[in-house]
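In the numbering used here, the protein residues as written are -4 to 377. Where a beta carbon is used, it is the ideal one built from N, C-alpha and C, also for glycine.
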């Protein structure tokens, strides 16, 4: 024990192409303001390097999973996702994170929080941010979540045990509707220009726009997008005006502060030959659509699972921005292959009529560290 610091049990866990800190709900203060103060201290936020905490100075490693007992009658476990800001003293609980979600089942198994069954344990995860149920199928070996396997995902080195996630229950989880405006396409004015977008609520709210409408090829690297200040300003204006249009904020200028995490913003284009920033070569036959997605004004270095879910749903909506880019074959196929900055991510996306019936994503995950984080006692008194 340290006389000036509290010890909190936590784990660092990789889920898909993201990495987060997992904390049991009962280890954190009940008061939400004090809870967030403690969380910010754990991460070392706000600070661009998060040098005094566990955060990695990157949006993909500044993620939080709070795990608790199930409060939903159809769930086995509760999971609350938080995106911890690097630049501001703020934790955004407004959406879901699919990559981190893929690690919730393995974490619950390894921590003895759920009843297991070998070789596969099915876990119903209550996404408390949106009140929906995510179903995870997790391989189990010798009473623990399996780690070894032959399944690979672009953006993560090596292979691992294949985790199956069914997101079909999350459609409309944020706004109540797959299409928040009721339209496959909407028109948004920003900077004196009018842009055609599709707004889709599946996993998270995602705004889709043709890359060419923003003067892009659609195959840009994260560095190219992140360094283009004028582009980012235009993206934030469009994003803010969509937030105002669907009632997420009263004034579009407030979106950057009130809902920085979502909606995501996806710039999509038709398949083309190109090389990813990590050296992976993409040919037109490898993908059905190419996307570059930003959140919190940073481009995702791979592709978020909730963005994948929304893209899969958008591909089944006739007349959407994504639908218009697909070949006739891709429109009919059960599997949609999405090209992203690190490679390709597939999603099983099915519909019957206008109803989305399956949104299946496959990930790997593993525990990296399990131990204690130290927080100054003074944080609890601020």
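Tell me, please, whether the region 228 to 238 touches the region 327 to 335 by the rule of three or more beta-carbon pairs shorter than 8 Å.
-> The answer is no - the region 327 to 335 does not touch the region 228 to 238, with fewer than three Cβ pairs under 8 Å.
Please report the residue range of the beta strand (DSSP E) in which residue 134 lies.
-> For residue 134, the enclosing beta strand (DSSP E) stretches over residues 127 to 136.
Is residue 283 helix, strand or coil by DSSP?
-> Note: residue 283 maps to coil in three-state DSSP.
Beta-ladder partner(s) of residue 346, from DSSP | Beta-bridge partners of residue 346 (DSSP): 351.
Expected contact under 8 Å - CB spacing of residue 294 and residue 220 to nearest Å = Taking C-beta atoms under 8 Å as the contact rule, residue 294 and residue 220 qualify, at a distance of about 4 Å.
3 or more residues per run - each beta strand (DSSP E) lying fully within the region 58 to 88 | Positions of the beta strand (DSSP E) runs, each at least 3 residues long and wholly inside the region 58 to 88, are given as 58 to 64, 72 to 79 in order along the chain.
Tell whether a beta-carbon distance below 8 Å holds between residue 148 and residue 11.
-> Contact flag set, yes.
Identify the residues that DSSP records as bridge partners of residue 5: which are they?
-> DSSP output for residue 5 lists 366 as bridge partner(s).
Rounded C-alpha distance that separates residue 316 from residue 243 = Pairing residue 316 with residue 243, the inter-Cα distance amounts to about 22 Å.
Under 8 Å between the Cβ atoms of residue 86 and residue 31?
-> For residue 86 and residue 31, yes; Cβs fall inside 8 Å.
Kindly indicate which residue of 299, 286, 271 has the alpha-carbon position closest to the one of residue 97.
-> The shortest C-alpha separation from residue 97 is found at 299.
Go through its chain and collect everything with a Cβ distance to residue 215's Cβ below 7 Å, but skip five positions before and after it.
-> Around residue 215: 287.
Tell me which same chain residues have a C-beta within less than 7 Å of the C-beta of residue 314, skipping the five on either side of it?
-> Excluding residues within five positions, the ones whose Cβ falls inside 7 Å are 179, 180.
Helix, strand or coil: which one does DSSP assign to residue 21?
-> Helix, per DSSP.
Contained alpha helix (DSSP H) runs [length at least 4] in the region 85 to 111, N- to C-terminal order | Runs found: 93 to 96, 99 to 105.
Do the CB positions of residue 108 and residue 72 come within less than 8 Å of each other?
-> Closer than 8 Å, so yes.
Which one or two residues does DSSP pair with residue 122 in a beta bridge?
-> Answer is 74, 127.
Under three-state DSSP, which class holds residue 332?
-> In the structure shown, residue 332 sits in a strand (DSSP, three-state: E or B).
Tell me whether residue 262 sits in a helix, a strand or coil according to DSSP, three-state version.
-> Three-state result, residue 262: strand.
Taking only runs of the alpha helix (DSSP H) that begin and end inside the region 205 to 261, which ones reach a length of at least 4 residues, in chain order?
-> Listed in chain order, they are 217 to 221, 224 to 240, 250 to 253.
Using only alpha-carbon positions, find the residue among 330, 139, 292 that is nearest to residue 303.
-> Closest option to residue 303, Cα to Cα, is 330.
Assign residue 116 to one of three DSSP states: helix, strand, or coil.
-> The answer is strand: DSSP assigns residue 116 an E or B state.
Quick one: give me the first and last residue of the alpha helix (DSSP H) that residue 33 is part of.
-> Per DSSP, residue 33 belongs to the alpha helix (DSSP H) from 27 to 38.
Residue 182 to residue 305, Cα distance in whole Å?
-> Cα to Cα, the separation comes out at about 19 Å.
Please state if the CB of residue 291 and the CB of residue 209 are separated by a distance shorter than 8 Å.
-> It is not a contact, given that the beta carbons lie outside the stated cut-off.
Report all residues from its chain with a CB closer than 8 Å to the CB of residue 328; omit the five preceding and five following residues, and keep chain order.
-> The beta carbon of residue 328 sits closer than 8 Å to those of 283, all from its chain and outside the five residues before and after it, given in chain order.
Burial state of residue 350, where buried means 16 or more other Cβ atoms lie within 10 Å = Exposed is the call here.
From residue 268 to residue 280, what does the alpha carbon distance come to, in whole angstroms?
-> Distance between the alpha carbons of residue 268 and residue 280 is about 9 Å.
Do you know whose CA, among 79, 156, 151, lies nearest residue 114's CA?
-> By alpha-carbon distance to residue 114, the top candidate from 79, 156, 151 is 156.
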